[in-house]
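2 protein chains.
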Amino acid sequence: MPYEIDETHDPNLESWVESANDPATDFPIQNLPLCCQLDGSFAGVGVRLGDHVVSLADCLVEAENHGFNSKFDSVGLTDPFRAATQFWSLTPGQRMMARRAVVAMLNADSPARDDISANSIEEGQVGPYIHPEPFDDEMLKVGDYTDFYASVFHATNVGSMFRPDNPLLPNYKHVPIAYHGRASTVVPSGTDIVRPIGQQAPTEDGGSPGFGPSKLFDYELEVGVVVGRGNELGTHIPIEEAEDHILGLCLLNDWSARDLQKWEYQPLGPFLAKNFATTVSPYIVTMEALAPFRTPAYERPAGDPRPLPYLTSDANTAHGGVDITLEVHIFSKQMRSKGMDPVRISKGTFKDMYWTIAQMLTHHSVNGCAMQPGDLLGSGTVSGKARDSRGCLLELTWDGDSFSDPPVLVPGTQRTPIRLPTGEERKFLADGDEVILKGYCEREGFRRIGFGECRGIVRPARQI
Amino acid sequence: MPYEIDETHDPNLESWVESANDPATDFPIQNLPLCCQLDGSFAGVGVRLGDHVVSLADCLVEAENHGFNSKFDSVGLTDPFRAATQFWSLTPGQRMMARRAVVAMLNADSPARDDISANSIEEGQVGPYIHPEPFDDEMLKVGDYTDFYASVFHATNVGSMFRPDNPLLPNYKHVPIAYHGRASTVVPSGTDIVRPIGQQAPTEDGGSPGFGPSKLFDYELEVGVVVGRGNELGTHIPIEEAEDHILGLCLLNDWSARDLQKWEYQPLGPFLAKNFATTVSPYIVTMEALAPFRTPAYERPAGDPRPLPYLTSDANTAHGGVDITLEVHIFSKQMRSKGMDPVRISKGTFKDMYWTIAQMLTHHSVNGCAMQPGDLLGSGTVSGKARDSRGCLLELTWDGDSFSDPPVLVPGTQRTPIRLPTGEERKFLADGDEVILKGYCEREGFRRIGFGECRGIVRPARQI
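Chains as they are written, first to last, in the working numbering: chain A, 1 to 464; chain B, 465 to 928.
Listed below in structure tokens is the structure:
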């Protein structure tokens, strides 16, 4: 694995930016996730720290002023207008160097502290290149977006609904299954999600399909993988090098209209059921920051085939997983109006995915497909073995025994609704529901780091 | 339909750019397809005319100098650096106005003729804004790429191979089926295509999949639809307005690795079998130029369901089709070395597609999906009823009776190879084969217009 644990992961490090030292923050100095702002007062890559955002380019200039001679200028990192695209293409060594420089400038004992503080020019700013407002509604433009299907628990659950005798297709344990999604509708956290309209399966064989707002509207809890360096068309990224090409991870909600999906998805896969919106969290937690939270790749049960050689490496087997705890919270309109807090409806982990992020990227490029900086890969719904670790309502409310009234997606199955603190029930999402994804990494001896939130409120379908 | 036949379609119009008057050219003054060059001596939108390319922005400036007062400046069209993005978003009325201005400047009786000729500054240039070299290897960056499946003959043929008793799935006649493709690997005509590598189905149930270069490598003849104006996220493009949002059409080769496709495509659709490369022709034949070649939408056989209301309009029924004759030519390495010409292996028409281009675009956006200027929609393989109008080798060489040796894609079917003039045979593509797509429109009383060519040579798989 290219990223090592070093002094930047020291749990005792604190920052002179006080909000970063709050034990509850997702963004201590050990995290330093990336974000971008493409216009406004600041253009370029930012680093989230506590409640603030630090300009990466300015911070690296400051580091060089303080003798941190790392040639950031030569790779375009000290030019804020270039940093957004340049940073994505760095080598792991260059990225670690940048991380160390940022930590050197922003830690509590930084020699730059007094200089920077003396330059504070506006109330609320703690330094000239530190911005008081997080860029929660900004994101880098995604080039191409691909969605995987890497949780065997999710694939088995969904397959069981559609094909009870044959839940997993024969290719699943050999091929990291994926399909292309729509890049133009990847939106940042906080964007309203209008309930999609579309065709739904006829109620009887040979009948006319229905048409109207989706009745079976769902979220999917996923992890987004942001590609850093790309590869040329006609070449591929070997498994040993795959993580060199990954910038970091974020949270991703693959909103899904199940009734549209069921009717349209054969034979070419999901289309309108998914492409109206995909929400991502605005911060990219870097692979450098995640170094302490790496785990072995998922251990395949006895009898499962080994991955083909192009998907196998010792490092991937030993450290290919990432232990991220993932939660889904629901916040209905009624809950908001009553002043309640959102309620958690599931909790799972990313470490039990059947395919690792390195395997996803290597598989994607093995045919010669060109990956580009800023490409986004969704992991597929993250579901675990336990019922409360299922990453979408389709699975969470599936096949109980206390309710059998419509809507039922799959004939012969029943749906157990989730009960909210207001007494409301949900089999699928209602208008006004806000879905909030959260993610964080914890390990004994290390500072907890978080992903922030990935939020979206379901708005009523428009008239058509 | 927004585009009318007018004086710019007069078959007697000639240009003072002599090469445009050659009866064999695809690019007479009645055509004027768009292209772009993003760097080099010329940046912006070009208009192909005979063997030359005219700068659209410069031509419109010249038109305004000659009293053609159309406020092109106010919509950004006279700035070559903005024209590429501005032109894509014009209304049909603005586009027709621009077309008339270009014809006014470039026709044989143009008042600008002497001015422009007097300004000729370099050998080979016929005017200061007319470039001698066609931009055959340039194209605008594609935002998102979606591939449809709009030929019922193709869908039935392919379905028959996989599901003899049930070739067409129940959704086909209701839903314009489509899936998202990879935008970063859409390449211009002339780009070499490296044979992809990937997993192939095990030879026996439960066995290990194979891995290596695709053995069943194919082209797919398609028409590309280039989106002009987009729509906002959460809105849709009604069928009555769909053609206002279409800039024009091009040729598209959806290269396909059938053995990869068969193993990977369930349940989420084609992925690595397609995303290594998609070739497009460099010229976008505008909807304005195609006005004389519009036909009624495909007449559905008795008993077929009517499209749902959101996919139906009187104009679409009356003029939704486009009569483009499409040809596929093959040019093997041996043919090239013997000085032979490419050989045509199929000839079909675009007018018999089950779904029209307006229906494709409206369906794509009906769920609120945001379309953007420069998005590309593939029509899906254009196949007709006749055997020699099938648009890919999978169909062309399918189910004959003289050959049954491997490779056979589908158990129980046989493949009749195509015989080339050298005596070589092809069931699928061999290394060194060049595939050349051609397209043109002909109608009594109108000048023939063409699409140019969409070419690509298959190169050997790399070592892995």
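In this text, a Cβ means the ideal position worked out from N, Cα and C, and glycines have one as well.
Treat the numbers as computed from the prediction; the structure is a model and nothing was measured.
Item, Value
"Among A:238, A:212, A:387, nearest to residue 195 (chain A) - alpha-carbon criterion", "A:212"
"Integer Cβ distance of residue 564 (chain B) from residue 472 (chain B), believed to fall under 8 Å", "6 Å"
"Chain B contacts made by the segment 231-257 of chain A, where a contact means CB separation under 9 Å", "233, 234, 235, 236, 238, 257"
"Meets three-Cβ-pair contact criterion under 8 Å: the segment 299-309 of chain A and the segment 428-448 of chain A", "no"
"Contained alpha helix (DSSP H) runs [length at least 4] in the segment 774-856 of chain B, N- to C-terminal order", "778-783, 797-801, 821-829"
"Coil, strand or helix - residue 262 (chain A) by DSSP", "helix"
"Residue 613 (chain B) Cβ short of 7 Å to the ligand GTP heavy atom set", "In terms of ligand content, the structure shown is empty, and the ligand GTP therefore cannot be addressed."
"Neighbour flag for residue 282 (chain A) against chain B, beta carbons, 8 Å", "no"
"Partner residues on chain B for residue 259 (chain A), Cβ-Cβ distance less than 8 Å", "Under the 8 Å cutoff, chain B gives no residues; its nearest Cβ is about 12 Å from residue 259 (chain A)."
"is_contact[residue 182 (chain A), chain B] using C-beta, thresh 8 Å", "yes"
"Beta-carbon contacts of residue 383 (chain A) that lie in its chain and below 7 Å, excluding the five residues immediately before and after", "151, 153, 154, 157, 348, 389, 390, 391, 395"
"Closest by C-alpha distance to residue 683 (chain B), when choosing among B:800, B:665, B:792", "B:792"
"Close Cβ partners of residue 651 (chain B) (< 6 Å) along its chain, the five nearest in sequence each way excluded", "741, 743"
"Under 9 Å by beta carbon: chain A residues contacting residue 825 (chain B)", "Simply none; closest approach about 13 Å."
"Residue 57 (chain A) in three-state terms, based on DSSP", "helix"
"Near-chain A residues of the segment 628-647 of chain B (beta-carbon distance less than 8 Å), N- to C-terminal order", "633, 634, 635, 638, 639, 641, 642, 643, 644, 645, 646, 647"
"Boundaries (first-last residue) of the alpha helix (DSSP H) holding residue 154 (chain A)", "152-162"
"Residues that residue 366 (chain A) contacts on chain B, provided the C-beta gap is smaller than 8 Å", "661, 662, 736, 928"
"Presumed contact (8 Å Cβ cut-off) between residue 538 (chain B) and residue 561 (chain B), rounded CB distance", "Going by Cβ atoms, the distance from residue 538 (chain B) to residue 561 (chain B) rounds to 12 Å, so no, they are not a contact pair."
"Given residue 352 (chain A) as reference, the closest of A:61, A:206, A:322 once Cα atoms are compared", "A:322"
"Below-8 Å beta-carbon distance, residue 454 (chain A) vs any chain B residue", "no"
"Euclidean distance between Cα positions of residue 629 (chain B) and residue 638 (chain B)", "20 Å"
"Cutoff 8 Å: residue 149 (chain A) Cβ touching any chain B Cβ", "yes"
"Residues, ordered as in the chain, of the segment 780-803 of chain B that lie near chain A by beta-carbon distance below 8 Å", "none"
"6 Å CB neighbourhood of residue 207 (chain A) in its chain, flanking five on each side removed", "none"
"Residue 840 (chain B) vs residue 609 (chain B) beta-carbon contact at 8 Å", "yes"
"Residue 732 (chain B) at chain A interface by Cβ criterion, 8 Å", "yes"
"Rounded straight-line distance, which links the Cα of residue 905 (chain B) to that of residue 708 (chain B)", "21 Å"
"Of the residues B:777, B:796, B:500, B:559, the one placed nearest residue 922 (chain B), counting alpha carbons only", "B:796"
"Chain-ordered neighbours of residue 370 (chain A) on chain B, where CB pairs are closer than 8 Å", "648, 649"
"Among B:531, B:843, B:844, B:825, the one whose alpha carbon lies nearest that of residue 947 (chain B)", "Missing from the structure shown is residue 947 (chain B); chain B here goes from 465 to 928 and no further."
"Interface flag, residue 275 (chain A) vs chain B, CB-CB below 8 Å", "yes"
"Cβ-Cβ distance between residue 319 (chain A) and residue 300 (chain A) below 8 Å", "no"
"Secondary structure, beta strand (DSSP E): runs of 3+ residues fully inside the segment 634-701 of chain B", "642-644, 650-652, 661-664, 674-677, 685-691"
"Reference residue 19 (chain A); option with closest CA among A:250, A:3, A:48", "A:48"
"Inter-stretch contact (C-beta, 8 Å, three-pair minimum) for the segment 631-647 of chain B and the segment 256-271 of chain A", "yes"
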